[in-house]
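In terms of this note's numbering, the first sequence opens at residue 24 and continues consecutively. Using N, Cα and C, we set each Cβ at its ideal position, and we do this for glycine too. One structure below.
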Amino acid sequence: MAKKDYWLMKCEPAAYSIDDLEKDKTTSWEGVRNYQARNIMRDEMKIGDGVLFYASNADPSGVSGVAKIVKEGYPDDKAWKKGHHYFDAKTDKQNPTWFQVDIGFVETFNDVVSLEELKANPALRDMMVTKRGSRLSVQPVSKQDFEIVVTMGRKK
DNA sequence: GCCAACGTTGGC
DNA sequence: GCCAACGTTGGC
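Here it is, written out as C-alpha cells:
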C-alpha cells in the first residue's frame, strides 16, 4: 500500500461546513476550477488520505475538523451541465478537464483551530495555508503538520 | 464590503 | 510569448 498522504481542503462554511459533512457522512468535492488543485485531486489523492477541513471566509477562518478521501479522482460532471453554476463550455466529455474526489467525515474539532493560531505556532511555519496570499483550495500538508493541527484541535 | 494577491484570458 | 486587464479568493 502506498504511503498515506495529507491534504487541506478549503470551503466557505456558507457553501458547505464540517457540520454538513457530519450529517451527510460523505460528499463529493465538486466545482474546483483551478489546475493545481485539479492535478492533486486527479493524480495524487488516494483512498484513506487524511484531510484537514478548512473553513475560509469564516469567523474565524481555520481548520474545523478532519475528513478522509473515500473516492479517488473522477470527472466532475457538473462541468458539462449547461446552465449549471460549475458549467465550463470548454470541457469535453471524452477528455474531461475537471475532476473531483469524495471525502468522508472523520471528526469535528471542539473549536476551530483558527488561522491566527496556525500562524502563531512556529512548528507550522512552513504550512502552506499560513503563508500570505495562499489561495489554493486544495493543498498538500506534511504528516507532522497534519498531526500538530489535529492535536491542537482536540486539545480544546 | 474593501482590497491585495493571485490565476486566467486575450490582444498584439 | 508577453503582459495588461479582468475576475476570483479570502483575510480582515
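If I measure Cβ to Cβ from residue i and keep anything under 6 Å in the same chain, skipping five residues before and after, which residues do I get?
i: I41; result: F76, S87, G88, T131
Assign residue i to buried or exposed, taking buried as 16 or more other Cβ atoms, counted over all protein chains shown, within 10 Å of its Cβ.
i: K104; result: exposed
i: D47; result: exposed
i: R61; result: buried
Excluding the 5 residues preceding and the 5 following residue i in the sequence, name in chain order all residues of the same chain whose CB lies nearer than 7 Å to its CB.
i: T114; result: A102, W103, T120, W121
i: A146; result: I171
What first and last residue would you give for the alpha helix (DSSP H) that runs through residue i?
i: I41; result: 41 to 47
i: G106; result: From DSSP, G106 is part of no alpha helix (DSSP H); its letter is neither H nor E.
i: I92; result: Note, I92: premise wrong, no alpha helix (DSSP H); beta strand (DSSP E) at 85 to 98.
i: V173; result: 166 to 178
i: A60; result: 58 to 62
Tell me which residue opens and which closes the beta strand (DSSP E) that residue i is part of.
i: E130; result: 122 to 137
i: W30; result: 29 to 34
Going along the chain, which residues of its own chain have a beta-carbon closer than 8 Å to the beta-carbon of residue i, five neighbours each way excluded?
i: D43; result: T50
Under the assumption that residue i contacts residue j (Cβ atoms under 8 Å), give the Cβ distance between them as a whole number of angstroms.
i: V93; j: I63; result: Not confirmed; about 16 Å, so no contact.
i: Y29; j: V152; result: Going by Cβ atoms, the distance from Y29 to V152 rounds to 12 Å, so no, they are not a contact pair.
i: P83; j: L138; result: 7 Å
i: G85; j: V136; result: 5 Å
Quiz prompt | Given 8 Å, three or more beta-carbon pairs between the segment 51 to 66 and the segment 88 to 103 | solution = yes
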